[in-house]
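This report refers to the structure that appears directly beneath it.
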Amino acid sequence: DFMGGGGRGGRQANNKGSDLRYNMSLTLEEAYEGGVRNITIPVAVACDTCHGSGAAAGSEPVNCSTCGGHGKVRAQQGFFTVERTCPACQGQGQTISSPCKSCGGQGRVQRNRSLNVTIPAGVDTGTRIRLSGEGEAGLRGGGPGDLYIFIEVRTHELFEREGTALLLTMPVPMTTAALGGTIDVPILDGKKARVTIQPGTQSGHRLRLKGKGMPGLQGRAKGDLYVDVHVETPVNLTSKQKKILTDFATGSDKQNPESTGFMDRMRKMFGED
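Residue numbering for the sequence shown follows this note's numbering, starting at 2 and increasing by one per position.
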């Protein structure tokens, strides 16, 4: 036998609109700056004709006679009482004899909605932004769900990201690395930072630019920019340039202590002393 029962909370939960998900793709620059993005999403909204009730003009929903308006019924099975969704009203707790023609009795229709979404500076892939009440409208006057924005930050052609830190491999001319000088390092905000290269700088040497990384979320400090030096070997040399390098190569081993030491260790390993 079926009988009315169960709390009204179950029916209200069934009427609540679904949460929605929107995937937003950003460049690293957009993630760095933050700002406002306008999006358009298809979403179920309350029907203007019936104002979300689902009933035609001049009529209104009535409590389901099977479940007494609770949306749940109880059935006795041996020693146990099992609670189930009411088969007459599908858990709505109400039935409609004259449904609204605009929405078919659902109380909602599909529309495109335009929203402005505030993106905090420093978001990363996996960041989730919740917009309360911007999901689908509930059935027959039920409360709306929420909209969740999931962020994906695209790969950058120059910078790599590790949390709030940024990594950059910077080519440096061989002459600058050997003699010292300055280089202009690009910053993600579009500016440049002039950095001093010490004489004798080797490939792999890392420079740290404090506070030039990504902004931290929730008021956290900005990260740092780490610049890895890559000493560039010159190509397409003129005859004069080749002669200069040849003369340099015949000079003292003191100019190349690492390679000289390596060759000495290798000769020792093979017994060539």
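We put the CB at the ideal spot given by N, CA and C, even for glycine.
These numbers were taken from a predicted model, which means no experiment stands behind them.
Determine whether the beta carbon atoms of residue i and residue j lie at a separation below 8 Å.
| i | j | result |
| --- | --- | --- |
| residue 27 | residue 189 | no |
| residue 139 | residue 17 | yes |
| residue 171 | residue 150 | no |
| residue 153 | residue 24 | yes |
| residue 100 | residue 94 | no |
| residue 143 | residue 216 | no |
| residue 136 | residue 147 | yes |
| residue 288 | residue 98 | Residue 288 falls outside the range modelled here, since the chain spans only 2 to 274, and no answer is possible. |
| residue 96 | residue 90 | yes |
| residue 220 | residue 167 | no |
| residue 159 | residue 187 | yes |
| residue 86 | residue 75 | no |
Let me check you understand the geometry: is the CB of residue i closer than 7 Å to at least one non-hydrogen atom of the ligand PLP?
| i | result |
| --- | --- |
| residue 117 | Ligands displayed in this structure: none; no statement on the ligand PLP is therefore possible. |
Out of curiosity, what's the CA-to-CA distance linking residue i and residue j?
| i | j | result |
| --- | --- | --- |
| residue 102 | residue 49 | 11 Å |
| residue 4 | residue 54 | With a pLDDT of 32 at residue 4, under the threshold of 50, the modelled position of this residue cannot be trusted, and the question is left open. |
| residue 121 | residue 199 | 38 Å |
| residue 62 | residue 119 | 39 Å |
| residue 193 | residue 175 | 21 Å |
| residue 84 | residue 21 | 29 Å |
| residue 218 | residue 34 | 12 Å |
| residue 249 | residue 191 | 39 Å |
| residue 117 | residue 226 | 31 Å |
| residue 182 | residue 156 | 31 Å |
| residue 14 | residue 80 | Note that residue 14 scores 49 on pLDDT, short of 50, meaning its location in the model is unreliable; the coordinates nonetheless yield the value given after this. When rounded, the distance between both Cα atoms is 28 Å. |
| residue 239 | residue 161 | 36 Å |
| residue 180 | residue 241 | 19 Å |
| residue 19 | residue 141 | 13 Å |
Quick check on residue i: buried or exposed, where buried means 16 or more other Cβ atoms within 10 Å of its Cβ?
| i | result |
| --- | --- |
| residue 173 | buried |
| residue 244 | exposed |
| residue 178 | buried |
| residue 77 | exposed |
| residue 58 | exposed |
| residue 2 | The predicted model places residue 2 with a pLDDT of 30, which falls under 50 and marks its position as unreliable; any figure quoted below should be read in that light. Exposed. |
| residue 88 | exposed |
| residue 235 | exposed |
| residue 73 | buried |
| residue 195 | exposed |
| residue 169 | buried |
| residue 201 | exposed |
| residue 314 | Nothing about residue 314 can be read from this structure; the chain reaches only from 2 to 274. |
Which partner residues does residue i have in the DSSP bridge list?
| i | result |
| --- | --- |
| residue 117 | 39 |
| residue 194 | 186 |
| residue 168 | 161 and 227 |
| residue 82 | 77 |
| residue 23 | 150 |
| residue 46 | 110 |
| residue 64 | 95 |
| residue 173 | 232 |
| residue 56 | 100 |
| residue 131 | 149 |
| residue 210 | 226 |
For chain D, is any of its Cβ atoms less than 8 Å away from the one on residue i?
| i | result |
| --- | --- |
| residue 109 | Among the chains of the structure shown, chain D does not appear; only one protein chain is present. |
Meets three-Cβ-pair contact criterion under 8 Å: the region 39-53 and the region 107-118: yes
So, do the region 67-80 and the region 122-134 have three or more beta carbon pairs nearer to each other than 8 Å? no
May I ask you to verify whether the region 226-241 touches the region 199-211, counting CB pairs closer than 8 Å and requiring at least 3? yes
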